[in-house]
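In my numbering, the protein residues as written are 396 to 810.
Glycine residues also receive a C-beta, built at the ideal position from the N, C-alpha and C atoms.
As structure tokens, the structure follows; a few thoughts come after it.
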């Protein structure tokens, strides 16, 4: 093969990888649109079905609970059968759940349909980064994984945008139009996914990494200490960040005296900062290609998270805008770096899906600490900020342990 032929082959491979990355991220955005379509239409749902806001909030909670249960098994299934097949099941469940929900006239069946959509949420959160990990070599994963780390923010922005085009505030049942739109988008995504997603053969979990060997087992995938350590770092990060994203509007209203609309507008700057920061982190990861360098960046990101969370429940009204923008930029780094590192933590690439599943599971479990954080925010905000900062610093220390656990592994090619 001549030089020009090799160059063409490399360009073709990169083009194929880029397409896989786009499809994986697009699938995640569509799934998050399904998740948060409730937030965009809760007023219409409560009026149409005659329920209270607390009951309506279960329409999101049930999806989250199903996802927590499924993320680890989904990773094992992706390792065993391939992320494409498992991802198609998730998209199909989300589409069917959205159709079923659009036909509901009572909260009970609607909750059941949301459980079906939760299957799509739990599965896609694992298989999309697994597809990216398969499509890109370690040294080129930084940008796609950084974009992927914004999947929740991008999906939320997308559904809030389209909801304004579909929902009529004067018509209580207009929420169903958003359900039908999400069903069509998800079904279309599933069709494109089925036709265009490509994946390699399943790998032998042995050290050789050859295809065609024994299928990977979930128990074997969970034996890597490095996978557990990076997942625990994500847990410590999310304990503070998920609660901040949830409680920031309430803090602005209760502690700083802002109105609801102004509090929501200010909090949206946090999302803007996180999306911008994640994209910038992707560009940094293009330059930081060694595993050691990326682990050091992970540790630094947790130190920055400690600084932000130490400020999170003590800032004053005149500090809102700098806190939201700078805090969002700083908090965006850890997920982008973590998603890039986690596929490399298991002993074999055959276990990458399960490693991502454990990473997502620990991140989701952190969300159950939000009620405790909310109680401390009202009674002892300074103590809360100090505790969250300490948790993030513990994550930085664990990152250095990860450096020791993985220090003997080779750097990414081309570094």
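Exposure of residue i, with buried meaning 16 or more beta-carbon neighbours within 10 Å
i: residue 727; result: buried
i: residue 532; result: exposed
i: residue 682; result: exposed
i: residue 552; result: buried
i: residue 741; result: buried
i: residue 418; result: buried
i: residue 696; result: buried
i: residue 717; result: exposed
i: residue 508; result: buried
i: residue 626; result: buried
i: residue 489; result: buried
i: residue 578; result: buried
i: residue 619; result: buried
i: residue 590; result: exposed
i: residue 401; result: Residue placement at residue 401 is poorly supported in this model, since its pLDDT is 36, which falls under 50; the coordinates still yield a value, given next. Residue 401 is exposed by the Cβ-count criterion.
i: residue 811; result: There is simply no residue 811 to check, as the chain begins at 396 and stops at 810 in what is shown.
Presumed contact (8 angstroms Cβ cut-off) between residue i and residue j, rounded CB distance
i: residue 642; j: residue 769; result: 6 angstroms
i: residue 482; j: residue 588; result: 6 angstroms
i: residue 459; j: residue 802; result: Not a contact, Cβ separation roughly 36 angstroms.
Residues of its chain near residue i, where Cβ-Cβ distance is below 6 angstroms and the 5 sequence neighbours each way are ignored
i: residue 664; result: 719 and 720
i: residue 673; result: 541, 544, 545, 727 and 731
i: residue 798; result: 690
i: residue 479; result: 592 and 594
i: residue 582; result: 490
i: residue 603; result: With a pLDDT of only 43 at residue 603, under 50, the local geometry of the prediction cannot be trusted, and no value is derived from it.
Contact under 9 angstroms by Cβ, residue i with residue j
i: residue 470; j: residue 736; result: no
i: residue 433; j: residue 485; result: no
i: residue 621; j: residue 800; result: yes
i: residue 550; j: residue 440; result: no
i: residue 632; j: residue 523; result: no
i: residue 791; j: residue 655; result: no
i: residue 744; j: residue 528; result: yes
i: residue 558; j: residue 580; result: no
i: residue 461; j: residue 510; result: yes
i: residue 635; j: residue 725; result: no
Close-in-space but distant-in-sequence residues of the same chain around residue i (CB under 7 angstroms, 5 per side omitted)
i: residue 709; result: 776, 777 and 780
i: residue 501; result: 444
i: residue 548; result: 666, 669 and 670
i: residue 555; result: 435
i: residue 414; result: 591
Own chain partners of residue i with C-beta closer than 8 angstroms, once the 5 adjacent residues on each side are dropped
i: residue 765; result: 637, 638, 641 and 642
i: residue 773; result: 649
i: residue 464; result: 517
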